[in-house]
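Numbering (mature numbering (1 follows the signal peptide of the UniProt record, and there is no 0)), first residue to last: -28 to -1, 1 to 180.
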Amino acid sequence: MNITTKLSLSFILLSFYTITSLFSPCSAAEAPEPVLDITGKALRTGIDYYILPVIRGRGGGLTLASINETCPLDVVQEQMEVKDGLPLTFTPVDPNKGVISVSTDLNIKFSAASICVQSTVWKLDESAGKYFVTTGGVDGNPGRETISNWFKIEKYERDYKIVFCPTVCDYCRVRCGDVGIIIQDGYRRLALITTDDDVPFRVMFKKA
């Protein structure tokens, strides 16, 4: 084998290695990290879970309340830490995905029936002058009309937090923020935190 042939073969092998490296799974974008429950298992679409506080002594899980004696119902934290609240399900923007991942747009819905005719899907409501989490949202149908119905679960140090920052509408302007607890009329309401003094609601997930 002469020098020219050797150089040509080396060039072909180098080109093949470069191309396969570019398109190998290792160089592709990493898959989103799954959200884990308290047993270390990934959260699954359509399975009931409780959203519980990591920091104990300040209330329990999440439930529904009619704060102004009107519908739809609002999302609040149980006053007693021994109460898990009501079970919920998570449905990602792509409902065919079986695992719930961090940073993914998703609907959060209470599984229990309510006294109101509205759905128990979470949505953000700013009609009261603050960005409170309430219900009456729409399942699926991502877009401008449902922009207030989409939340995300993000890592928060070693735990998780719930975030409102939907990306289901490319041209929509939204106010992004972490979900925290605001005390109003004796209720521990879920709402977007708006100041640096507020802290996100640090949560964990327990299979119902």
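Idealized CB from N, CA, C, for every residue including glycine.
With contacts defined as CB atoms closer than 9 Å, residue 76 and residue 95 fail to qualify as a contacting pair. Pairing residue 25 with residue 12 gives a Cβ-Cβ distance that is not under 9 Å. Closest option to residue 131, judged by alpha-carbon separation, among 176, 49, 54 and 93: 176. The segment 38 to 47 and the segment 153 to 162 touch, with three or more beta-carbon pairs separated by less than 8 Å. Within the segment 106 to 165, the runs of beta strand (DSSP E) at least 3 residues long that lie entirely inside it are, in chain order, 124 to 128, 131 to 136, 149 to 156 and 159 to 164. Counting along the chain, residue 22 sits inside the beta strand (DSSP E) bounded by residues 21 to 25.
In its chain, beyond the 5 residues on either side, 25, 49, 50, 51, 52, 53, 153 and 160 have a beta carbon closer than 8 Å to the beta carbon of residue 31. Going by DSSP, residue 67 is part of no beta strand (DSSP E) at all; its letter is neither H nor E.
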